[in-house]
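Participant: Everything in the sequence shown is counted per the UniProt record's numbering, starting at 1 for the first residue and increasing by one.
By construction, the Cβ of each residue, glycine as well, lies at the ideal position given by its N, Cα and C atoms.
What you are looking at is a predicted structure, and each value in this text was computed from that prediction instead of being measured.
Would you mind keeping the following structure in view while I ask a few things?
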Amino acid sequence: MLRTQVKTQVRIHVKLTLKRLNASYSAPKLSLKDINPHVIEAKYAVRGTIPTKAEELKLQLQEDPSSVAFDKIIFSNIGNPQQLNQKPITFYRKVLSILQDPSLLDTLKSKDCPASFKQQYPQDIIDRAERMLKDIGSSVGAYSASQGIRGFRNTVAEFITKRDGYKADPNDIYLTGGASAAVNYVLQILCNGPKTGVLIPIPQYPLYTATLALNNSHAVPYYLKESEGWSLDCNELIKAIKDKTAEGVAVNCLVVINPGNPTGAVLSKEKMIEIVNVAKEHGLVIISDEVYQENVYHGEFISMRKVLKELQAKNGSEYDNIQLVSLHSTSKGVSGECGQRGGYMEILGFSDELRAIFTKLCSISLCSVVTGQALVDLMCKPPVAGESSFALDHKERLDIFNALKQRSLQLWETFNKLEGIECQKPEGAMYLFPKLDLSENVIAIAKAKGLQPDEFYCLELLENTGICTVPGSGFGQYPGTWHLRTTFLPPGTEWISKWEEFHNEFMTKYK
């Protein structure tokens, strides 16, 4: 503080002196030392060094195609389905088109409307759009209630009730700008300075560590067991809590990503019961990130909420201290509407005082994008059998799901036949997280270049094939191991063959 005051006084003195000398004075520009240090500390590998290089190569490819060894960049670094040619769900876009331009309703109802145009808008689409416009009350260009449009929250509550078999309350639901906005809200509330700790799975989605860094709080890692299909060991949780508590850090929250990102693992019901019991004993808020719940390729998805409700039903008030935040999004699943920014969080077990804080935080942002809110409604209530749009909608969803499942297995099989790669079988989500067995030569070369070994591999892969991935070091990994994350969203098999060819050459070159 004293040093700052002295610097300020010196600056004022210099300025006055220059004025007396009839000279002009310009204050210096801001530098990194003048800004929030927590912003500098935050890291987000999904859009980090390798993806940044990919964008540079994309421009280079456009300006001078002969200067690179490939004809396109394949962005397999991020779960962005429609960037990788996944088609939007027709039902979504038709309803949205009416919400954006309600005059279409007048056109469709006009006796002069061409039959070919009317055929594009079956009656159930018109009915749904009219209902949603009534819920919106004015226009998608107007602010909504900060918690989200009530009619849309009713739809979400009906979806959750049907999924879990336990009634959901629309008052517990907040419509957000994707699940990422919900994570920001929750962690802003829970992070009470540098003595706060939040349990994060390793490997983890970098949004969590970045948000904790911004809020000047601790990410408390718990390692998932790769040899057991990236399973969660609750003894690891308890050890992490005790170790951090001994350091004077108050651990108040546990993040669970199910299905896992980047691992693709799906938690069993038994494991979720163990997690709830740890949270009960240690007073942890559970953040259950369930944005990939539609991407379960083997078995069925079970929500943390359902597990909690069953425990509460069987054990009376024993589990009433559990505070749970569940997240979902229109960006993943078969919807793939990443750019539309739709999502929700459901909060359970919080006091009225804390609920008011959630609402206040949402109010500061006024509201989430109204068309994003509409997509949440559409995701949670797709056409059903007997409605005009059902056949096409069902086919589109099934085609997307089956294509993702098939590509996940194809890429997994390719990885596991390659020397120096070991990969767990994908159960869900949109990613594989293979382990790389890299030579001492690779490790030494990477170190000389100021890179992590897996970062060096990913950079070589990008520069030789145009395939953009994310190094495992950006997600966290067990010390001494190396990984990368890739989506299996890109269509076709040519890129997989290119990767296989590159890997074999890489392993030979850097023995």
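Here's the rule: buried if 16 or more other CB atoms are within 10 angstroms of the residue's CB, otherwise exposed. What is residue 519?
Facilitator: For the chain, the structure presents residues 1 to 511; residue 519 sits outside this window and is missing.
Participant: Here's the rule: buried if 16 or more other CB atoms are within 10 angstroms of the residue's CB, otherwise exposed. What is residue 120?
Facilitator: exposed
Participant: Of all the alpha helix (DSSP H) runs that stay within the bounds of the stretch 107-179, which reach a length of 4 or more residues?
Facilitator: 115-118, 123-136 and 150-164
Participant: Return helix, strand or coil for residue 503, following the three-state DSSP convention.
Facilitator: In the displayed model, residue 503 falls within a helix according to three-state DSSP.
Participant: Just curious, the beta strand (DSSP E) that residue 252 is in, first and last residue?
Facilitator: 250-257
Participant: Rounded C-beta distance between residue 489 and residue 54? I'm assuming under 8 Å.
Facilitator: About 15 Å separates the two Cβ atoms, so there is no contact after all.
Participant: If contacts are defined as beta-carbon pairs under 8 Å, then residue 304 and residue 324 qualify, I think. What distance do you get, rounded to the angstrom?
Facilitator: 6 Å
Participant: Here's the rule: buried if 16 or more other CB atoms are within 10 angstroms of the residue's CB, otherwise exposed. What is residue 206?
Facilitator: buried
Participant: Please confirm whether residue 464 and residue 510 have their CB atoms less than 8 Å apart.
Facilitator: In this structure, residue 510 does not lie closer than 8 Å to residue 464 by Cβ.
Participant: Between the Cα of residue 492 and the Cα atoms of 449, 403, 394 and 101, which residue gives the shortest distance?
Facilitator: 403
Participant: Comparing the CB of residue 418 with every heavy atom of the ligand COA, is any distance shorter than 7 Å?
Facilitator: This structure does not include the ligand COA; it has no bound ligands of any sort.
Participant: Locate the alpha helix (DSSP H) running through residue 347, then write down its first and last residues.
Facilitator: Counting along the chain, residue 347 falls outside any alpha helix (DSSP H), though it belongs to the beta strand (DSSP E) covering 343-348.
Participant: On the DSSP letters alone, give me the boundaries of the beta strand (DSSP E) that residue 393 sits inside.
Facilitator: Per DSSP, residue 393 belongs to no beta strand (DSSP E); it is in the alpha helix (DSSP H), 390-416.
Participant: Using DSSP with H/G/I as helix, E/B as strand and the rest coil, what is residue 193?
Facilitator: Three-state DSSP puts residue 193 in coil, outside helix and strand.
Participant: Taking the Cβ atom as the reference point for each residue, do residue 295 and residue 333 lie within a distance shorter than 8 Å?
Facilitator: yes
Participant: Where are the alpha helix (DSSP H) runs, 4 residues long or more, that stay fully inside the stretch 295-355, in chain order?
Facilitator: 304-315
Participant: Could you give the first and the last residue of the continuous alpha helix (DSSP H) run that contains residue 457?
Facilitator: Looking at the DSSP string, the run of the alpha helix (DSSP H) that includes residue 457 is 453-465.
Participant: Can you have a look at residue 67 and say buried or exposed, based on whether 16 or more other CB atoms are within 10 angstroms of its CB?
Facilitator: exposed
Participant: Can you check which of these residues, 252, 298, 504 and 264, is closest to residue 278 by C-alpha distance?
Facilitator: 252
Participant: If I measure Cβ to Cβ from residue 321 and keep anything under 8 Å in the same chain, skipping five residues before and after, which residues do I get?
Facilitator: For residue 321, same chain residues with a beta-carbon under 8 Å away, outside a window of 5 residues either side, are 280, 283 and 349 in chain order.
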